[in-house]
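For the sequence shown, full-length UniProt numbering assigns the number 1 to the initial residue and increments by one for each residue that follows.
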Amino acid sequence: MRDRPTGAELLDTARQVLRDELIPALPADKRMSALMIANALAIAARQLQNGDDLERAELAALEHLLSEPFAPASGDTAAVRGGLLSANRKLSEWIRGGRADDGPLREDVRAHLASAIRHKVAESNPKYLGPQG
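Right, here's the structure in full:
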């Protein structure tokens, strides 16, 4: 077990100091860059906290949707990311080929894409989703 603060907590603290103490002291022409850094720290903290759970869930959903395995079940993060890339490419081929234009697959693909986007936005810009997340 790691001591506290965790990596995510350290990133949150660094972001808070940046926003509360450093950005107000910066010249106006440097504030936008500092705000982008603060946003990057927040995204990194959320990704660190989530680990690869969202990627594993997306891969499992794609494997179910496409009826094909793309990574070993016990794969490490690199294997999961590689499998996810391959699965998304195959789904893109299906969509471009019109395979999901009609029928029950259309709704399954739409639901998968909506879920995947929601998870991405939850990490990159959770305020956009509002309190319902």
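Note that beta-carbon positions come from the ideal geometry of N, C-alpha and C, so glycine has one too. What you are looking at is a predicted structure, and each value in this text was computed from that prediction instead of being measured.
*Sort Ala114, Ala44 and Ala87 by Cα distance to glutamate 63 and report the nearest one.*
Position 63 of the sequence shown, counted from the start, is the residue given in the question as residue 63. If we check each option's Cα against that of glutamate 63, Ala87 comes out closest.
*Find the nearest neighbour of residue 139 within the set Ala40, Ala45, Gly75 and Thr13, judged by alpha-carbon distance.*
This structure does not reach residue 139, given that the chain is present from 1 up to 133, and the question cannot be answered.
*Are there three or more Cβ pairs, one per stretch, closer than 8 Å when the stretch 88-100 is compared with the stretch 41-52?*
The stretch 88-100, when compared against the stretch 41-52, does not touch it at the 8 Å Cβ threshold.
*Apart from the five residues on each side of it in sequence, which residues of its chain come closer than 7 Å, Cβ to Cβ, to threonine 77?*
Here residue 77 refers to the residue found at position 77 when the sequence shown is read from its first residue. Counting only Cβ-Cβ distances below 7 Å, and skipping sequence neighbours, we find Asp52.
*Between which two residues does the alpha helix (DSSP H) harbouring leucine 59 extend?*
The residue labelled residue 59 in the question sits at position 59 within the sequence shown. Counting along the chain, the alpha helix (DSSP H) containing leucine 59 begins and ends at 53-66.
*asked:* Can you tell me whether asparagine 50 is helix, strand or coil according to DSSP?
replied: Here residue 50 refers to the residue found at position 50 of the sequence shown. Asparagine 50: helix per DSSP, three-state reduction.
*Cβ contact (3+ pairs, closer than 8 Å) linking the stretch 27-46 and the stretch 117-126*: yes
_For the alpha helix (DSSP H) containing arginine 106, name the first residue and the last one._
Along the sequence shown, read from residue 1 onward, the residue named residue 106 stands at position 106. Note, arginine 106: alpha helix (DSSP H), 104-124.
*asked:* On a Cα-Cα basis, can you pick out the residue from Pro5, Asp20, Leu65 and Leu10 that is closest to glutamate 107?
replied: Along the sequence shown, one-based indexing puts residue 107 at 107. Considering only alpha carbons, the answer is Leu65.
*Identify whether glutamine 132 lies in helix, strand or coil by the three-state DSSP scheme.*
As a working mapping, residue 132 is identified with position 132 in the sequence shown. The answer is coil: DSSP assigns glutamine 132 none of H, G, I, E or B.
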